[in-house]
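Visitor:
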Amino acid sequence: MLPRKRGVDAGEVQDLHNKAPRPAAPAPAQDDPMAARAPEIDEDLHSRQLAVYGRETMKRLFGSNVLVSGLQGLGAEIAKNLVLAGVKSVTLHDDGKVDLWDLSSNFFLSEKDVGQNRAQACVPKLQELNNAVIISTITGDLTKEQLSNFQAVVFTDISIEKAVEFDDYCHSHQPPIAFIKSEVRGLFGSVFCDFGPEFTVLDVDGEEPHTGIVASISNDNPALVSCVDDERLEFQDGDLVIFSEVHGMTELNDGKPRKIKSARPYSFTLEEDTTSYGTYIRGGIVTQVKPPKVLKFKTLKEAIKEPGEFLMSDFSKFDRPPLLHLAFQALDKFRTELLRFPIAGSADDAQKLIDFAISINESLGESKVEETDKKLLQHFASGSRAVLNPMAAMFGGIVGQEVVKACSGKFHPLYQFFYFDSVESLPVEPLEASDLKPENSRYDAQISVFGAKLQKKLEQSKIFMVGSGALGCEFLKNLALMGISCSENGKLTVTDDDVIEKSNLSRQFLFRDWNIGQPKSTVAATAAMAINPKLHVEALQNRASPETENVFNDAFWESLDAVVNALDNVTARMYIDSRCVYFQNRRLCALYIHFLIILITA
Numbered sequence: 000m001l002p003r004k005r006g007v008d009a010g011e012v013q014d015l016h017n018k019a020p021r022p023a024a025p026a027p028a029q030d031d032p033m034a035a036r037a038p039e040i041d042e043d044l045h046s047r048q049l050a051v052y053g054r055e056t057m058k059r060l061f062g063s064n065v066l067v068s069g070l071q072g073l074g075a076e077i078a079k080n081l082v083l084a085g086v087k088s089v090t091l092h093d094d095g096k097v098d099l100w101d102l103s104s105n106f107f108l109s110e111k112d113v114g115q116n117r118a119q120a121c122v123p124k125l126q127e128l129n130n131a132v133i134i135s136t137i138t139g140d141l142t143k144e145q146l147s148n149f150q151a152v153v154f155t156d157i158s159i160e161k162a163v164e165f166d167d168y169c170h171s172h173q174p175p176i177a178f179i180k181s182e183v184r185g186l187f188g189s190v191f192c193d194f195g196p197e198f199t200v201l202d203v204d205g206e207e208p209h210t211g212i213v214a215s216i217s218n219d220n221p222a223l224v225s226c227v228d229d230e231r232l233e234f235q236d237g238d239l240v241i242f243s244e245v246h247g248m249t250e251l252n253d254g255k256p257r258k259i260k261s262a263r264p265y266s267f268t269l270e271e272d273t274t275s276y277g278t279y280i281r282g283g284i285v286t287q288v289k290p291p292k293v294l295k296f297k298t299l300k301e302a303i304k305e306p307g308e309f310l311m312s313d314f315s316k317f318d319r320p321p322l323l324h325l326a327f328q329a330l331d332k333f334r335t336e337l338l339r340f341p342i343a344g345s346a347d348d349a350q351k352l353i354d355f356a357i358s359i360n361e362s363l364g365e366s367k368v369e370e371t372d373k374k375l376l377q378h379f380a381s382g383s384r385a386v387l388n389p390m391a392a393m394f395g396g397i398v399g400q401e402v403v404k405a406c407s408g409k410f411h412p413l414y415q416f417f418y419f420d421s422v423e424s425l426p427v428e429p430l431e432a433s434d435l436k437p438e439n440s441r442y443d444a445q446i447s448v449f450g451a452k453l454q455k456k457l458e459q460s461k462i463f464m465v466g467s468g469a470l471g472c473e474f475l476k477n478l479a480l481m482g483i484s485c486s487e488n489g490k491l492t493v494t495d496d497d498v499i500e501k502s503n504l505s506r507q508f509l510f511r512d513w514n515i516g517q518p519k520s521t522v523a524a525t526a527a528m529a530i531n532p533k534l535h536v537e538a539l540q541n542r543a544s545p546e547t548e549n550v551f552n553d554a555f556w557e558s559l560d561a562v563v564n565a566l567d568n569v570t571a572r573m574y575i576d577s578r579c580v581y582f583q584n585r586r587l588c589a590l591y592i593h594f595l596i597i598l599i600t601a
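Reminder that position 8 of the sequence shown reads as 7 in numbering that gives the first Met the number 0, one-by-one numbering, no gaps.
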C-alpha cells in the first residue's frame, strides 16, 4: 500500500495538472501512411481498458512509441502486452540469433526460426495481435540518439555500463524519456524505472473521487459542513474538495478546490470564512479533488549506489532485496570480465560470482549488506543464463504496466527498484552438475535450473484446466512452453463452454479476429499446439458443473496430477475447488504457474 500523500494547497492543483507528462511525438516517417493519422478508439475491442484507464489515458497511450530491446522470453512478453494494449508503435531491437534456449520462453518462435534474428523472427506473430500498432525492428547496434524517437524504452539484456549511458541520455532529454531496465535470470528477476527528474502522476490509484451529499453548511469561520447520514464520508484531513449544486450559499459553487480538516464520518470543517456568504438553504454535492503527484526519479548511476527503499512483494524475505541488488551487479561484473554466463552447476563459476559480490559489497562502506547468503548466490549463479517462461510472464506483465504508467501518467509507478525470487520452486534434493547439463532440446533453459528428471515429470503430467479466457490463454501458453503434458504419457484437458467475442481480443492473446464466434477451448488448444507441437491437449466445450459429472467422472479426477482453475465465475470456482478437495487433487487458482512444478513433484 502506498503511503498517504501529503496535503496539497488548493492553488497547487491546477499547476500540477499543467505539468502533466505530454510526450513529444516523433516526426512521422515520410513513407509511413499510418503515422499521420491518430487511430480512433475501438470501443468494442478495448472496452475493458476504457473502463480501467478512461478515454484520455487511452488517447495518450495510443500516441506513444515504445522501444523493447532484447527479445528473449521477457522481451517477448513485454512486447505482447504493449501491442495488445494498443500503443502507437513498438520497435523491437535485438542483434542476437534465435537458439534452442529461446523456445522455452519466447512463444513467438519455433524451431524453424533457429539461426534467424530474434527481433525479425517475432514480427509476424506479434503483428497478428493488433494490426493498428506499427511494429518495426532494429537489428544492429543501438545509439543513444535513436532513443529520442520514443516516449519509453525498455531493456531486458544490457550491461550496467551501457544502461547507465542510455539512462543518462533519457533522464536529461527534453521531454524526459521513460527508461526501464528489467532482467530475468533463472528464478530471479529485477526491474528498475527512471521516468525523469520530475514525473507527474495524474491519478495515483485510479479510484473514483469520494463524494458526499450536503445536509447543512454553517456561516462560520471555519465553516462546519454536515452530510446526510446514509453513507459514511471517506474524506481525510488535508483532502481538497469542490462543491456543486448548493442552494443559498452559492459562493461555494465556483469550482475552486477547498481544503478540509477535522474529517469525521458525517461531517468536516472547511478552512474558509463563510460568515459573509449566503445562508445555506438546501442541496449540494461535495466531491474530492485528487491532486497529481510529482515524483523525482534518480538516474540509474545514482540509484545503484543509493537505491533507497525497495518495493517489497514478500515480507518473509525482508532482507532479500539488498542481496539481490548486489547479486545482479556481481553477475554484470562476471559477464563483463568473462564474456559469458556462469555454467549451471559449476562450483567454480558460482564462487567467482560470490567473490565479485563480496568485493562490490565491501566497497559500499557503511551501506554494505551485513550478511551475504552464499547458498542463495550459488542458486543465482547456477541458473543465471536461463530465461524461464513463468518468470518472464510475471515480469513481462509488471514491465508492460510500467510502460503504460510512463506513457499515460495513470497509476503510481514502480519507484525505483523491484526484486523477486522463487528459489522455493527448486527441488528439495540438491541437484548434481550432471543433472543440469543441456540435452540440445527446447527445454535446456529449464533443465539448467530444475534438472532433467523434473523436466520428464512435467512432460508426463496429467493436467485439467478449467477455462480458456484471459487467464486460460496465459496458462496454456506457459504450460506449452514449459513442456508440461508434452510426452506420450502426458495429457492436458482444457474445457470452456464459451465462444470468442471481439472484446476478448485485447487480452486473450491466443485468439485472432478470424476466430470470433468459435469455441474458446478449441482455438486456444490449437494455438498452444502451434507454440509446442508436442503438447498433448484435448479441448472440450463442457461446463464443469454437477450436470457434467458423467463427463468429468471419478476416474477422470483420480487420474489428474493437478488442476488449473482459470475461471472468473465464483460459483464455478467454488465447485472446482470442492471437487479437488473431495478427490484430494493438488490445484491452482489463477496462481503463479511456476508453483505447478512444486505441486507435481511434491
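Glycine included, each C-beta is placed from N, C-alpha and C at the ideal position. Bear in mind that the values here come from a model prediction, so they are computed numbers and not experimental data.
Where does E369 fall in DSSP's three states?
Guide: coil
Visitor: Could you tell me the distance, in whole angstroms, from the CA atom of G344 to the CA atom of K367?
Guide: 28 Å
Visitor: Taking just the CA atoms, how far does S104 sit from Q583?
Guide: Computed Cα separation, rounded: 31 Å.
Visitor: Below 8 Å between beta carbons: does that hold for L201 and K409?
Guide: yes
Visitor: Looking at C-alpha atoms only, which residue of V427, I77, G69 and N541 is the closest neighbour of D140?
Guide: G69
Visitor: If you run the structure through DSSP and keep just helix, strand and coil, what is Y418?
Guide: DSSP, read as helix, strand or coil, puts Y418 in strand.
Visitor: For a minimum of 3 consecutive residues, which ranges assigned as the beta strand (DSSP E) are wholly contained in the stretch 490 to 573?
Guide: Taking only runs of at least 3 residues, the beta strand (DSSP E) segments lying wholly in the stretch 490 to 573 are 490 to 494, 536 to 539 and 561 to 564.
Visitor: Comparing the CB of L559 with every heavy atom of the ligand NAP, is any distance shorter than 7 Å?
Guide: This structure lacks the ligand NAP, and indeed carries no ligand of any kind.
Visitor: Are the stretch 398 to 413 and the stretch 53 to 63 touching, with three or more C-beta to C-beta distances below 8 Å?
Guide: yes
Visitor: Output the distance between the C-alpha atoms of L275 and D193, rounded to the nearest integer angstrom.
Guide: Leu is not the amino acid found at residue 275; the sequence shown has Ser there. Near 50 Å, if we compare the C-alpha coordinates of D193 and S275.
Visitor: What residue from G307, I133, M528 and A262 has the CA that sits closest to V86's CA?
Guide: I133
Visitor: Measure from the alpha carbon of V288 to the alpha carbon of each residue in V203, T155, A538 and Q445, then state which is nearest.
Guide: Put simply, of V203, T155, A538 and Q445 the residue whose alpha carbon is nearest the alpha carbon of V288 is V203.
Visitor: Give the straight-line distance between the Cα atoms of P256 and L239, rounded to the nearest whole angstrom.
Guide: 6 Å
Visitor: Note down, in chain order, each residue of its chain lying with its Cβ closer than 7 Å to the Cβ of D354, except the 5 sequence neighbours on either side.
Guide: Nothing meets the Cβ criterion.
Visitor: Give me the residue from V97, D93 and D228 with the minimum Cα distance to Y265.
Guide: D228
Visitor: Determine the contact status of S520 and V493, defining contact as a CB-CB distance below 8 Å.
Guide: V493 sits close to S520, with the two beta carbons spaced by under 8 Å.
Visitor: For T249, does the three-state DSSP call read helix, strand or coil?
Guide: For T249, the secondary structure class from DSSP, reduced to helix, strand or coil, is helix.
Visitor: Would you mind working out which of V152, D156 and E127 sits nearest F510, comparing C-alpha positions?
Guide: Cα-wise, what sits closest to F510 is E127.
Visitor: Tell me where the beta strand (DSSP E) around Q350 begins and ends.
Guide: Element bounds for Q350: not the beta strand (DSSP E) but the alpha helix (DSSP H), A346 to E361.
Visitor: Taking S407 as part of the alpha helix (DSSP H), name the residues at either end of that continuous run.
Guide: N388 to S407
Visitor: Just how far apart, CA to CA, sit Q603 and D495?
Guide: The requested residue 603 is not part of the displayed model; the chain covers only 0 to 601.
Visitor: Is the beta carbon of P321 less than 8 Å from the beta carbon of T268?
Guide: no
Visitor: Can you list, in chain order, the residues of its chain with a C-beta nearer than 7 Å to that of R36? Leave out the 5 residues immediately preceding and following it.
Guide: Model confidence at R36 stands at a pLDDT of 47, short of 50, so the residue's coordinates are unreliable and nothing is read from them.
Visitor: If the criterion is Cβ atoms closer than 8 Å, does the pair S467 and A565 meet it?
Guide: yes
Visitor: Would G74 be called buried (16 or more neighbouring beta carbons within 10 Å of its own) or exposed?
Guide: Around the beta carbon of G74, 16 or more other beta carbons sit within 10 angstroms, so the residue counts as buried.
Visitor: To which residues does DSSP link N64 through a beta bridge?
Guide: S88
Visitor: Return no unless some Cβ of chain C is closer than 8 Å to the Cβ of G74.
Guide: Structure shown: chain C not included; a single protein chain is present.
Visitor: Assuming Q517 and I499 form a contact by the criterion Cβ under 8 Å, report the distance between their Cβ atoms to the nearest whole angstrom.
Guide: 6 Å
Visitor: In whole angstroms, what separates the C-alpha of L559 from that of L457?
Guide: 13 Å
Visitor: Relative to the alpha-carbon of F165, which residue among V448, L146, E182 and T155 has its alpha-carbon at the smallest distance?
Guide: L146
Visitor: Any idea if S348 is buried or exposed, counting beta-carbon neighbours within 10 angstroms, 16 or more meaning buried?
Guide: First, the residue type needs correcting, since residue 348 is Asp and not Ser in the sequence shown. Buried.
Visitor: Going by other Cβ atoms of all chains shown within 10 Å of its Cβ, with 16 needed for buried, is A554 buried or exposed?
Guide: Here A554 is exposed, its C-beta having fewer than 16 other C-beta atoms within 10 Å.
Visitor: Under 8 Å between the Cβ atoms of G277 and V213?
Guide: Not closer than 8 Å, so no.
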